[in-house]
Amino acid sequence: MVFGIYCRKSVLTDKGESVENQLEMCREYIRNRFGDNNKIIIYEDEGYSGKNTARPMFRKMTEDIKKLDYVVCYRLDRLSRSVSDFSALVEMMNRNKTGFICIKEEFDTSKPMGKAMMYIASVFSQLERETIGERVRDNMLMLAKTGRWLGGNTPLGYSSVREAYTCGGRTKYACFLKSNGELETVERIFKAFEKSESLSRTTDIVNDMELKTKNGLDFTNQAVKDILSNPVYCRADKKAFEYFENRNIKVYGEVCKRGLISYNKNDDDNIIIAVGKHLPIISGERWIKIQEMLRTDAAFDRRGLLRGAALASGAIICGLCGEKMYAVKRSGGRGFDYICRRKRRKEGCLCKNLNGVVADEKIKKFLKEKDDIFFMKKEIRDNLLILWDGKELSINFK
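Printed below as a string of structure tokens:
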């Protein structure tokens, strides 16, 4: 007969039988019950969880199932911790008349009672996995509420430090955030945004400063936004507490001069904000104002700005205030104008709007004369200096 021995051990734990021990006990069982004249094929997955079937040797075993007389494993949960996955495997074995033996629980599908008990055990195996998962999540939430750092990519400006603490008379370990030399970069990003009030402009500014992300890369708009909106840089003061509580988000801890930690921040129903152990860089009032500026900036980019039709949106500079000019649809939907960003925000600039169609035609004519008619839009922004002073549009190569 042909026996397929399946062994698995998760890399996450030191507990339980090693793959070598599982294999030897299965071999011994086959020898004692079926003799020595049998072919044994080994399927070994080390470092894989039993929560699903995404295991290379498990899949190889299912591909070989037709040529196996028996599948043998040490314990049922070595094969699967999911009732549905296990049921599918049993159906496959039944279709191919392949038996199943689990030596620890003493299941043998050649007997009716063994088959019934096998299904019952698989239910408890899944229950155990889900219970462990729930306990881990609860522990993570508890640590989050006490300001511990739960892992993952640390925010720019901080490092993760492992420290010991006592819980129930036992010494345990958790991570906290500690500021490092990168905080100066973060402060410069905040100041650049407060001055420009534009996410895209801030990204340009910080990249012109040759500031880098934690991974040594240039900043993107999303990377800058993630920093500006992260509560980790905000002081746990009264203003910050009020801001989150007004949004029905409970803040764990007391008002103090330390920073905040957020957990599940992309899940509005389960977000946790807690007072951390690290030093922040801005006050609650300043951080809240920046959140309002981010919302205003996003709303501005959504209200009528043309991204496809206009040739030079964001590439034309207002000659009166130096701000960029963006393409905006005219009321009624006919045509568009380039409008100074500061004027559109009603911040004092009185620059006359620029007819978009006329401006684009003039830019095309300039490029054609220079034999560069095939310039892409990004190349226009990168290579041309276009200035509108309310009367005349000047175009030159940078």
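Per the numbering used here, residue 2 is the first one in the sequence shown, and the count goes up by one each step.
Every residue, glycine too, gets a C-beta built ideally from N, C-alpha and C.
| Item | Value |
| --- | --- |
| Ala328 lies in the beta strand (DSSP E); which residues open and close that run? | Lys325 to Lys330 |
| From what residue to what residue does the alpha helix (DSSP H) around Asn208 run? | Leu200 to Asp209 |
| Can you tell me the Cβ-Cβ gap for Lys61 and Asn97, rounded? I've got them flagged as a contact below 8 Å. | At roughly 15 Å, the Cβ-Cβ gap does not stay under 8 Å, so Lys61 and Asn97 are not in contact. |
| Quick check: the Cα distance between Thr297 and Val329, rounded to an integer number of angstroms? | 17 Å |
| Once the 5 residues before and after Gly391 are set aside, which same chain residues still bring their CB inside 6 Å of it? | Cys352 and Lys353 |
| Within 10 angstroms of its Cβ, does Arg163 collect 16 or more other Cβ (buried), or is it exposed? | exposed |
| What is the DSSP secondary structure of Gly320, counted as helix, strand or coil? | coil |
| From what residue to what residue does the alpha helix (DSSP H) around Ala1 run? | What the structure shows of the chain is the stretch from 2 to 399, and residue 1 is not part of that stretch, so it cannot be assessed. |
| When the Cα atoms are used, what is the spatial distance from Val20 to Cys74? | 11 Å |
| Since Asp361 is in the alpha helix (DSSP H), which residue starts that stretch and which ends it? | Gly357 to Glu370 |
| How far does the beta strand (DSSP E) with Tyr44 in it reach, from first residue to last? | Lys40 to Glu47 |
| Do Ile6 and Ile43 have their C-beta atoms closer together than 8 Å? | yes |
| Rounded to the nearest angstrom, what separates Ser263 and Ser161 at their Cα positions? | 15 Å |
| Out of Tyr244, Lys325, Leu178 and Lys347, which has the shortest C-alpha to C-alpha gap to His279? | Leu178 |
| For Leu157, which residues of its own chain have a beta-carbon under 7 Å away from its beta-carbon, when the five flanking residues on both sides are left out? | Glu183, Thr186, Val187, Thr214, Lys215 and Ile228 |
| Would you mind reading off the limits of the beta strand (DSSP E) that contains Asp338? | Phe337 to Cys341 |
| Is DSSP giving Ser83 helix, strand or coil here? | coil |
| What are the partner residues of Asn397, as DSSP defines its beta bridges? | Leu386 |
| Reducing DSSP to helix, strand and coil, say where Cys27 ends up. | helix |
| Rounding to the nearest angstrom, what Cα-Cα distance links Lys399 and Glu370 in this structure? | 16 Å |
| Does the distance from the C-beta atom of Leu388 to that of Ile318 stay below 8 Å? | yes |
| When the distance is taken between beta carbons, is Lys40 closer than 8 Å to Ser83? | no |
| Could you give the distance in angstroms between the alpha-carbon of Gln23 and the alpha-carbon of Cys8? | 6 Å |
| Taking 7 Å as the cut-off, is the beta-carbon of Cys27 closer than that to any non-hydrogen atom of the ligand GDP? | As far as ligands go, the structure on display features none, and thus does not contain the ligand GDP. |
| What did DSSP end up calling Ser11 once you bin it into helix, strand or coil? | coil |
| Could you check the C-alpha separation between Lys366 and Arg335 for me, to the nearest Å? | 23 Å |
| Just the C-alpha distance for Lys226 and Arg56, rounded to the nearest angstrom, thanks. | 38 Å |
| Under 7 Å Cβ to Cβ from Met26, same chain only, skipping five residues before and after it: list those, please. | Tyr75 and Ile104 |
| From the DSSP output, in three-state form, read off Lys179 for me. | strand |
| Tell me which residues share the same chain as Thr155 and place their Cβ nearer than 6 Å to its Cβ, disregarding the 5 neighbours each side in the sequence. | Ser161 |
| Quick check on DSSP: helix, strand or coil for Arg248? | coil |
| Helix, strand or coil: how does DSSP classify Ser284 here? | coil |
| Does any residue of chain D bring its CB to less than 8 Å from the CB of Glu21? | This model lacks chain D altogether, as it is built from one protein chain only. |
| Touching or not, the region 278-295 and the region 230-242, by the rule of three or more beta carbon pairs under 8 Å? | yes |
| With DSSP as the reference, identify every bridge partner of Tyr253, one or two as the case may be. | Ala275 |
| How long is the line joining the alpha carbons of Asn265 and Gly277, rounded to whole angstroms? | 15 Å |
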